[in-house]
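Colleague: Before anything else, here's the structure in question.
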Amino acid sequence: MNEGGEAFSKIGVGKSTGTKLISASGHINKPGVYEIELGVPVEEFIYSDAYCGGIRNGKKLKAVVAGGSSVPILPAELILKTAKGEPRLMTYESLSDGGFATGTMLGSGGFIVMDEDTSIVKNLFTFARFYRHESCGQCSPCREGTSWMEMILRNFITGKAKMSDIDLLWDVQSKIDGKTICPLGDAASWPVAAAIRHFRHEFEEYVNNPQSIKEVKHYFRLNNLQEA
Amino acid sequence: MAKVTIDDITIEVPDGTTILQAARMIDEKYGTHTAPPTMCYYSKLKTTGGYCRTCIVSVTQGSEKDPRPMPKPVASCRTNVMDGMVVKNNTSPELLEARAGVVEFLLINHPLDCPVCDQAGECHLQDLSYENGDEGSRFQFPKRVYEPIDIGDKVKLNMNRCIMCYRCVKVCDQITDNRVHGMLYRGADSEISTYIEKAIDNDFSGNVIDVCPVGALTDRTFRFKSRVWFTKPVDAHRNCETEGCTGKVRLWFKGDDVLRVTSRKDQWGEAESFICNTCRFEKKNANDWVMEGPSKISHHSVINQNHYELQQIKLGIKRQIKHLTGVKIDLGEGALNPNNIQK
């Protein structure tokens with residue numbers, strides 16, 4: 002900043018110029034806030050010692066939420082390489098390459114890394130709880146929809162869900178997306194949509210085999226949930 | 002002046018008109034049904050609208066200068082028209098689908114206790130779900146439940162039925178001297194209430210009953226006396242001394258008895274003018290009033306027996322057929338042009 006705007010804009014790739022603060026969290030060796038020059042490959046950002054320092058306990062990468070809880074989650078193969086096979090960079094353009102079908106967004110820079118043991122459904126439930134609490138209640142789709150999505154996801158992680166609930170969840174999120182006053186409705190629906198898009202098999206596993214839920218480690222204790 | 006096309010019908014309106022007002026102008030001019038439904042917008046009150054999202058429309062051309070479509074459906078009650086704007090309401094199947102979603106959201110926490118609700122028959126939510134909603138509910142969880150409370154000796158508040166349109170809050174803000182109630186909490190837990198359940202007590206508090214689109218706020222003096230479709234509406238007036246009250250009311254007769262007094266509603270279900278509590282609650286004798294003759298009832302509500310407007314029913318049936326069978330019904334270009342509509 003001291004060197005002026007021109008020098009600042011020389012850093013970076015394409016339209017994404019300058020630096021950005023990335024708050025890296027999740028299952029990595031060195032969580033923290035990093036100021037990166039835009040254009041660093043995602044793979045380097047996760048595994049390099051200068052930044053995140055690799056996955057904790059040498060586990061494999063499962064998924065990454067690249068820009069805060071509201072942006073679509075991406076599985077490992079799509080976050081490291083785009084659908085076309087090019088390496089993904091930490092830039093606005095590269096991360097959103099492929100639209101929401103195979104891409105995501107840099108967003109606010111809240112970078113959450115998940116290792117192979119993580120349950121996407123449980124993580125999604127945590128997000129949904131957050132958005133239910135965060136909804137102000139002014140407009141109908143968000144007020145009713147966020148609480149409805151949370152209830153459906155609660156059924157998944159308590160083993161009461163049916164197979165049709167996956168399609169119901171998809172339909173509910175699609176009816177919130179774009180219908181609300183402020184972007185909180187969109188933000189609440191995108192992670193749900195992306196989780197179903199990329200990890201549908203996990204939802205199905207939860208329906209077919211409710212016992213498997215208990216084996217998944219998670220920050221959130223199931224006992225608390227049943228009381229709540 | 003701005004030229005705007007809504008559902009293939011073009012009209013010229015003054016600058017600063019909202020899409021909703023333009024659509025209502027078209028309806029008044031051609032007798033069509035272009036206007037999207039509204040639950041929270043109220044033309045007589047300021048700063049209403051934008052909450053319920055039932056009036057969403059899709060803008061397929063922003064304006065003459067910038068013909069790009071708007072990426073998301075917009076709330077027509079809060080969006081001003083631009084010259085050359087093209088709007089799709091009933092002609093866009095995707096939009097009707099989206100609106101059905103909003104209806105579903107409004108209904109998931111609504112108790113659907115119409116058989117015991119005083120509002121049944123003149124309820125906007127009934128109209129809305131009948132015309133725009135899907136059949137059945139997919140919500141399989143406990144609904145929000147509140148105890149009904151009395152706010153004042155004249156008004157009953159049943160929060161279960163509330164759809165949070167904020168109309169009553171705006172009435173207390175703008176028509177009465179001081180604001181005594183509002184929205185408490187937030188998100189799915191929000192509720193309308195008076196502070197510490199204090200009574201609403203001023204001359205115009207009864208108007209919250211009229212503006213409430215559902216049965217959340219009902220008249221305690223009329224409670225359970227009769228179903229609204231058994232009563233006969235008659236327009237009447239009296240010389241009211243309360244400042245701000247026009248004295249123009251609608252009396253609801255059953256036989257020779259006046260069962261209740263309300264303000265007159267226009268074709269959009271909105272009160273034409275607000276009346277005071279003396280007129281509403283205390284003058285329930287036909288001798289107090291000068292009769293003007295039977296009221297004209299708009300298509301809204303079942304009290305207009307057997308005259309429920311054809312076009313809206315057609316639309317509703319088309320949606321239902323698509324929902325049940327998956328067959329897509331053509332609502333394409335010109336389908337709703339007034340010249341093509343067979344009455």
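Protein chains in written order, with this note's numbering: chain U, 2 to 229; chain X, 2 to 344. Just so it is clear, CB atoms sit at the ideal spot from N, CA and C, and this is done for glycine as well. No experiment lies behind these values; they were computed from the predicted model shown.
1. In the DSSP assignment, what residue or residues form a beta bridge with Asn-81/X?
2. Between Phe-254/X and Ile-176/X, how many whole angstroms is the CB-CB distance? I'm expecting something under 8 Å.
3. Do Ile-12/U and Ile-29/U count as a contact pair if the criterion is CB distance below 8 Å?
4. Ordered along the chain, which non-local residues of its own chain (more than five positions away) have a Cβ less than 7 Å from that of Met-83/X?
5. Per DSSP, Arg-261/X forms a beta bridge with which residues?
6. What does the alpha-carbon distance come out to for the pair Gly-27/U and Val-114/U?
7. Where does Leu-79/U sit, in a helix, a strand or coil, going by DSSP?
8. What are the start and end residues of the beta strand (DSSP E) that includes Thr-127/U?
9. Could you check whether Val-146/X and Asn-159/X sit closer than 8 Å to each other, using their CB atoms as the reference points?
10. So with CB distances below 7 Å, who are the chain X contacts of Ile-182/U?
11. Between the alpha carbons of Gly-138/U and Ile-57/X, how many angstroms are there, rounded?
12. Just to make sure I have the definition right: I need the residues of chain X whose C-beta is within less than 7 Å of the C-beta of Asn-138/U. Which are they?
13. Do the CB positions of Thr-105/U and Ala-67/U come within less than 8 Å of each other?
14. Buried or exposed: where does Leu-185/X fall if 16 or more other Cβ atoms within 10 Å of its Cβ makes it buried?
15. Return the CA-CA distance between Leu-311/X and Ala-23/X, expressed in angstroms with no decimal places.
16. For Lys-47/X, which residues from the same chain have a beta carbon less than 8 Å from its beta carbon, with the 5 sequence-adjacent residues on both sides left out?
17. Quick one: what's Ser-17/U bridged to in DSSP?
18. Can you look up Phe-140/X in the DSSP assignment and give me helix, strand or coil?
19. If you follow the alpha helix (DSSP H) that Lys-171/X is in, where does it begin and where does it stop?
20. Flag Pro-211/U as yes if its beta-carbon sits less than 8 Å from any beta-carbon of chain X, otherwise no.
21. Considering Cα atoms alone, identify which of Ala-76/X, Asn-278/X and Gln-268/X is closest to Leu-96/X.
22. Taking all protein chains shown into account, decide if Asn-307/X is buried (16 or more other Cβ within 10 angstroms of its Cβ) or exposed.
23. For the region 99 to 114 of chain X, list every residue whose C-beta sits within 8 Å of some C-beta in chain U, in sequence order.
24. Alpha carbons only, please: which of Thr-279/X, Tyr-131/X and Asp-257/X is nearest the one belonging to Gly-248/X?
25. Below 8 Å between beta carbons is the criterion; list the residues of the region 132 to 157 of chain X that meet it against any residue of chain U, in chain order.
26. Of all Cβ atoms in chain U, is any one closer than 8 Å to the Cβ of Arg-162/X?
27. What does a CB cutoff of less than 6 Å around Gly-55/U pick up in its chain, not counting 5 residues either side in sequence?
28. In the DSSP assignment, the alpha helix (DSSP H) including Met-48/U goes from what residue to what residue?
29. So, is Pro-88/U buried or exposed, given that buried needs 16 or more other C-beta atoms within 10 angstroms?
30. According to DSSP, simplified to helix, strand and coil, what is Thr-39/X?
31. In chain U, which residues lie with their C-beta within 7 Å of the C-beta of Ile-57/X?
32. Could you tell me which chain X residues have their CB closer than 7 Å to the CB of Gly-146/U, listed as they occur along the chain?
33. Which first and last residues belong to the alpha helix (DSSP H) in which Tyr-96/U is found?
34. By the DSSP assignment, the beta strand (DSSP E) with Asn-185/X in it spans what residues?
35. According to DSSP, is Gln-312/X helix, strand or coil?
36. For Asn-72/X versus Ala-99/X, is the C-beta spacing smaller than 8 Å?
Modeller: Short version:
1. If you number the second sequence from 1, residue 81/X lands on position 80. In DSSP, Asn-81/X forms a bridge with Thr-19/X.
2. In the second sequence, the residue the question calls residue 254/X occupies position 253. In the second sequence, the residue the question calls residue 176/X occupies position 175. Not confirmed; about 27 Å, so no contact.
3. In the first sequence, counting from the first residue as 1, residue 29/U sits at position 28. In the first sequence, counting from the first residue as 1, residue 12/U sits at position 11. No, these two residues do not count as a Cβ contact at 8 Å.
4. For the purposes of this step, residue 83/X is taken as residue 82 along the second sequence, with counting starting at 1. Here the set comprises Ala-3, Gly-63 and Ser-64.
5. In the second sequence, the residue the question calls residue 261/X occupies position 260. Note: Arg-261/X sits in a beta bridge opposite Trp-253/X.
6. The residue labelled residue 27/U in the question sits at position 26 within the first sequence. The residue labelled residue 114/U in the question sits at position 113 within the first sequence. Cα to Cα, Gly-27/U sits roughly 5 Å from Val-114/U.
7. Mapped onto the first sequence, residue 79/U falls at position 78. Three-state DSSP puts Leu-79/U in a helix.
8. Position 126 of the first sequence, counting from 1, holds the residue named residue 127/U. Not the beta strand (DSSP E): Thr-127/U falls in the alpha helix (DSSP H), residues 121 to 135.
9. Against the second sequence, residue 159/X aligns to sequence position 158. Against the second sequence, residue 146/X aligns to sequence position 145. Against a cut-off of 8 Å, the Cβ pair of Val-146/X and Asn-159/X comes out as no contact.
10. If you number the first sequence from 1, residue 182/U lands on position 181. Correct list: Gly-51.
11. For the purposes of this step, residue 138/U is identified with residue 137 of the first sequence, where counting begins at 1. For the purposes of this step, residue 57/X is identified with residue 56 of the second sequence, where counting begins at 1. Each residue's alpha carbon lies about 18 Å from the other.
12. As a position in the first sequence, residue 138/U is number 137, starting the count at 1. Per the sequence shown, the amino acid found at residue 138/U is Gly instead of Asn. Those are Met-165, Arg-187, Gly-188, Ala-189 and Ser-191, listed as they occur along chain X.
13. The count along the first sequence starts at 1 and reaches residue 105/U at position 104. The count along the first sequence starts at 1 and reaches residue 67/U at position 66. Contact: yes.
14. As a working mapping, residue 185/X is identified with position 184 in the second sequence. By the 10 Å Cβ count, Leu-185/X comes out exposed.
15. Working through the second sequence from its first residue, we reach residue 311/X at position 310. Working through the second sequence from its first residue, we reach residue 23/X at position 22. Bear in mind that a pLDDT of 48 at Leu-311/X, under 50, signals an unreliable position, so the number given afterwards is only what the model happens to contain. Taking the straight line joining both Cα atoms gives about 22 Å.
16. Position 46 of the second sequence, counting from 1, holds the residue named residue 47/X. Same-chain partners within the cutoff: Lys-171 and Gln-175.
17. Here residue 17/U refers to the residue found at position 16 when the first sequence is read from its first residue. Ser-17/U pairs with Val-14/U.
18. Counting from 1 along the second sequence, the entry for residue 140/X is found at position 139. It is coil, neither helix nor strand.
19. For the purposes of this step, residue 171/X is taken as residue 170 along the second sequence, with counting starting at 1. Note, Lys-171/X: alpha helix (DSSP H), 168 to 175.
20. Mapped onto the first sequence, residue 211/U falls at position 210. So no, Pro-211/U is outside the interface.
21. To locate residue 96/X, count along the second sequence from 1; it is residue 95. The residue with the shortest Cα to Cα distance from Leu-96/X is Ala-76/X.
22. On the second sequence, position 306 is the one that residue 307/X refers to. In this prediction, Asn-307/X has a pLDDT of 48, which is less than 50 and means its spatial position is unreliable; what the coordinates show is noted afterwards. Flag for Asn-307/X reads exposed.
23. Ala-99, Gly-102, Val-103, Glu-105, Phe-106, Leu-107, Ile-109 and Asn-110
24. Counted from its first residue, the second sequence places residue 248/X at position 247. The shortest C-alpha separation from Gly-248/X is found at Thr-279/X.
25. Arg-139, Phe-140 and Phe-142
26. Position 161 of the second sequence holds residue 162/X. No, no contact with chain U.
27. Translated into the one-based positions of the first sequence, residue 55/U becomes position 54. So the list reads Asn-30 and Tyr-48, once near-sequence residues are dropped.
28. Taking the first sequence and counting its residues from 1, the one referred to as residue 48/U is at position 47. Before going further, note that residue 48/U is Tyr rather than Met in the sequence given. Tyr-48/U -> alpha helix (DSSP H) spans 43 to 48.
29. As a working note, residue 88/U is residue 87 in the first sequence. Result: exposed.
30. As a first step, residue 39/X is located in the second sequence; it is residue number 38 there, counting from the start. Of the three classes helix, strand and coil, the one that applies to Thr-39/X here is coil, per DSSP.
31. Numbered from its first residue, the second sequence carries residue 57/X at position 56. The contacting residues are Lys-180.
32. Taking the first sequence and counting its residues from 1, the one referred to as residue 146/U is at position 145. The contacting residues are Phe-106.
33. The residue given as residue 96/U occupies position 95 in the first sequence. One point to set straight first is that residue 96/U is Leu, not Tyr, in the sequence displayed. Run containing Leu-96/U: 93 to 96, per the alpha helix (DSSP H) assignment.
34. For the purposes of this step, residue 185/X is taken as the residue at position 184 of the second sequence. Residue 185/X is actually Leu in this sequence, not Asn. Where Leu-185/X is concerned, the enclosing beta strand (DSSP E) stretches over 182 to 185.
35. Against the second sequence, residue 312/X aligns to sequence position 311. Interpretation of Gln-312/X is limited by its pLDDT of 48, a score under 50 that renders its predicted location unreliable; no figure is taken from the coordinates.
36. On the second sequence, residue 72/X is found 71 positions in, with the first residue counted as 1. On the second sequence, residue 99/X is found 98 positions in, with the first residue counted as 1. This sequence places Pro at residue 72/X; Asn is not what is there. No; because the gap between Cβ atoms is not below 8 Å, this pair is not in contact.
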